[in-house]
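The structure appears below as structure tokens.
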Amino acid sequence: LFTQTTFCPTFGAFFLMMMMALAGTEGARIPRASDHPKHKMDKGMVPLQLNPSTLPSVPPVRALHNSSISPWTYNTTHDPSLYPSYVSEARCLLKGCLDSEGREDLSLESKPILHEVMLLRRVRTPNTQGYHYKVEPRLLAVGCTCVQPVVQQQE
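In terms of my numbering, the numbers along the sequence shown are unbroken and rise by one, the last being 1115.
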């Protein structure tokens, strides 16, 4: 199960400012038992209630792989002997690229963008019950881009 979480920077900045305001200018001090809320409420402390419906809405960001002129999808593979065990790789959806009307232009080419990553492969240690990890470099496609085809003149 994969989930996507979005973070609202406006809320984060607002929350940080509120926490700084609540902290005041007092330096850090060691908490005492009498500081516990059930004993008394510190004069510098105020309850904070946030109503999510009053927070400014942030428009969702369009996923790059869906808005590119060289769109791609992700294929995820699972290998329990690798760390990380799930690896996603981009796959270009078109041979050509999309023009301004959304039609495929075959005078251009969609090509994968390659990035080398280091994975760890779990390997049984000889003559023991244990394992060790071996660094395994791998070239992964992380997206697709639109390029002009390379044309070589034959003589």
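Cβ atoms here follow ideal geometry from the backbone N, Cα and C, with glycine treated the same way. Since the model is a prediction, treat every value here as computed from it, not as a measurement.
Can you check which of these residues, the options, is closest to residue i by C-alpha distance?
{"i": "Leu1068", "options": "Leu1015, Pro1109, Gln1114", "result": "Pro1109"}
{"i": "Pro1072", "options": "Asn1026, Pro1016, Pro1031, Leu1015", "result": "Pro1031"}
{"i": "Arg1081", "options": "Ile1029, Leu1042, Asn1011, Thr1037", "result": "Leu1042"}
{"i": "Ala1101", "options": "Ser1027, Asn1035, Val1018", "result": "Asn1035"}
{"i": "Leu1066", "options": "Val1107, Pro1016, Leu1079", "result": "Val1107"}
{"i": "Thr1033", "options": "Leu1053, Lys1094, Pro1044", "result": "Leu1053"}
{"i": "Ser1070", "options": "Tyr1091, Asn1011, Asp1039, Ala1050", "result": "Ala1050"}
{"i": "Met1078", "options": "Pro1097, Asn1087, Glu1061, Tyr1091", "result": "Pro1097"}
{"i": "Glu1061", "options": "Val1018, Val1111, Leu1015, Ser1028", "result": "Ser1028"}
Which residues in the same chain have their Cβ closer than 6 Å to the Cβ of residue i, if we skip the five residues on either side of it in sequence?
{"i": "Leu1099", "result": "Leu1074, Glu1076"}
{"i": "Lys1094", "result": "Arg1081, Val1083"}
{"i": "Val1047", "result": "Thr1037"}
State the DSSP-derived secondary structure class of residue i, mapped to helix, strand or coil.
{"i": "Thr1014", "result": "helix"}
{"i": "Ser1027", "result": "helix"}
{"i": "Asn1087", "result": "coil"}
{"i": "Lys1055", "result": "coil"}
{"i": "Glu1061", "result": "coil"}
Using a Cβ-Cβ cutoff of less than 8 Å, which residues in the same chain neighbour residue i once the five nearest sequence positions on both sides are dropped?
{"i": "Gly1056", "result": "Glu1064, Asp1065, Leu1066, Ser1067, Leu1068, Glu1069, Ser1070"}
Buried or exposed: residue i, going by 16 or more other Cβ atoms within 10 Å of its Cβ?
{"i": "Leu1015", "result": "exposed"}
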